[in-house]
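K.L.:
In our numbering, the protein residues as written are 42 to 274.
Every residue, glycine too, gets a C-beta built ideally from N, C-alpha and C.
Sharing a structure, written as structure tokens. Questions coming.
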Amino acid sequence: MSAPVAISASSALHADRVEDIGPHARRWLSVGMLFAHVAAGWGLMQIEGVRQAVTETAPMMVSWIAPPEPLPPAPPPPPAKPRVAPPKPAPVIAAAPTPAPQPVPTFTAPAPPTVATPVAATEAPPAPPAPPAPAPPAAPKLVPASALRYVTLPQQVYPLASRRLGEAGTVMVRVVVDVRGLPRQVGLHQSSGFARLDEQALTAMRAARFQPCTDNGHAIECMAIAPLAYELD
């Protein structure tokens, strides 16, 4: 109950001060005081309501519930029965087979041995003798130079360098004439001492042609040493 007394004293104090304030301000001050009184009354009503609710709350009844009794233990499972193996069947013994009758052995007289007739050996005919090897060609018959019969004489040409240098001499040429009269082989038998003269002599003899040499009317090869002379005038 102390709150209303405080509000009344405050109101008297404000009433004394209101006399010094203008009419417009006084109106707003009255409205504020009214709101303050309303708010204070509403607060007191809330406090009284809370006190009454606390005092009127019904007492709480607490009852203790006993815990449920434990379940009885489950009975143990029955022991497993041992399995009994079925008896094994007795082995069946097969009867021994009856042996088949063996045939009576028969004896056959052996055949007389066959006598092989000897066959006369056939001899192969002797191989024909190998043909004789061809005889090597006969060596050319050596004849004197005078026996050579020229169809075309050797064309001797004096080399200009040998003439200018005064080279002269006789070249001994070896010539083999075949059965056709051709000089089959030409070679140097003896040099003249000058290479230019020797070479010209061999060239001239290769261009020569001969009548074939004969023996008993048959043409044969012959060989001769023919001189070719080179002399300055």
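Whole angstroms is fine: what's the gap from PRO175's alpha carbon to ILE266's?
P.N.:
Each residue's Cα considered, the two are about 30 Å apart.
K.L.:
Would you kindly check if the distance between the Cβ of VAL216 and the Cβ of VAL227 is under 8 Å?
P.N.:
Against a cut-off of 8 Å, the Cβ pair of VAL216 and VAL227 comes out as a contact.
K.L.:
Relative to the C-alpha of ARG247, which residue among VAL214, GLU164, PHE76 is closest?
P.N.:
Nearest C-alpha to ARG247: VAL214.
K.L.:
So, do the stretch 186–194 and the stretch 232–239 have three or more beta carbon pairs nearer to each other than 8 Å?
P.N.:
The stretch 186–194 vs the stretch 232–239: no contact.
K.L.:
Is LEU189 helix, strand or coil when you go by DSSP?
P.N.:
Coil.
K.L.:
Would you kindly work out how many angstroms separate the C-alpha atoms of TRP69 and MET86, rounded to a whole number?
P.N.:
Whole-angstrom Cα-Cα distance: 26 Å.
K.L.:
When DSSP labels each residue in this structure, what does CYS263 get in the three-state scheme?
P.N.:
CYS263: strand per DSSP, three-state reduction.
K.L.:
Is ALA99 helix, strand or coil by DSSP?
P.N.:
Note that ALA99 has pLDDT 49, beneath the 50 cutoff, so the model's placement of it is unreliable and the number below is only indicative. Three-state result, ALA99: coil.
K.L.:
Excluding five sequence neighbours on each side, which residues of the same chain lie with their C-beta closer than 6 Å to the C-beta of PRO177?
P.N.:
Around PRO177: no qualifying Cβ.
K.L.:
Can you tell which of ARG204, ALA171, PRO173, LEU223 has the C-alpha that lies nearest to the C-alpha of PRO253?
P.N.:
PRO253 has its Cα closest to that of LEU223, out of ARG204, ALA171, PRO173, LEU223.
K.L.:
Reducing DSSP to helix, strand and coil, say where PHE76 ends up.
P.N.:
It is helical.
K.L.:
Could you check which residue in ASP256, GLY82, GLY210, ALA249 has the C-alpha nearest to that of ASP239?
P.N.:
Here the closest residue by C-alpha is GLY210.
K.L.:
Classify SER49 as buried or exposed, calling it buried when 16 or more other Cβ atoms lie within 10 Å of its own Cβ.
P.N.:
Its pLDDT being 45, under 50, SER49 is placed unreliably by the model, and nothing is read from it.
K.L.:
To the nearest angstrom, report how far apart TRP75 and ALA81 are at their CA atoms.
P.N.:
The sequence shown places Leu at residue 75, not Trp. Approximately 10 Å, taken between the alpha carbons.
K.L.:
Per the DSSP calculation, PHE251 is bridged to which residue(s)?
P.N.:
Looking at the DSSP assignment, PHE251 forms a beta bridge with TYR191.
K.L.:
PRO200 to LEU206, Cα distance in whole Å?
P.N.:
Taking the straight line joining both Cα atoms gives about 10 Å.
K.L.:
DSSP puts THR211 in a beta bridge; with which residues?
P.N.:
According to DSSP, THR211 bridges with ALA270.
K.L.:
Pull up the CB-CB distance for THR273 and VAL212, whole angstroms please, since I reckon it's below 8 Å.
P.N.:
One point to set straight first is that residue 273 is Leu, not Thr, in the sequence displayed. The pair is not a contact, with the Cβ atoms about 15 Å apart (cut-off 8 Å).
K.L.:
Could you name the residues of the same chain whose beta carbon sits closer than 8 Å to that of ALA99, not counting the 5 residues immediately before and after it, in chain order?
P.N.:
Per-residue confidence for ALA99 stands at a pLDDT of 49, beneath the threshold of 50, marking its modelled position as unreliable; the derived number appears in the next sentence. So no residue of the chain qualifies.
K.L.:
With burial defined as no fewer than 16 other Cβ atoms inside 10 Å of the residue's Cβ, what is the status of SER203: buried or exposed?
P.N.:
Counting Cβ neighbours within 10 Å, SER203 comes out buried, since at least 16 surround it.
K.L.:
Which one of VAL218, SER71, ALA115 has the shortest CA to CA distance from PHE183?
P.N.:
Strictly speaking, residue 183 in this sequence is Leu, with Phe absent from that position. Taking only the C-alpha atoms, the option nearest LEU183 is VAL218.
K.L.:
Quick one: give me the first and last residue of the alpha helix (DSSP H) that ARG221 is part of.
P.N.:
Element bounds for ARG221: n/a, residue is neither H nor E.
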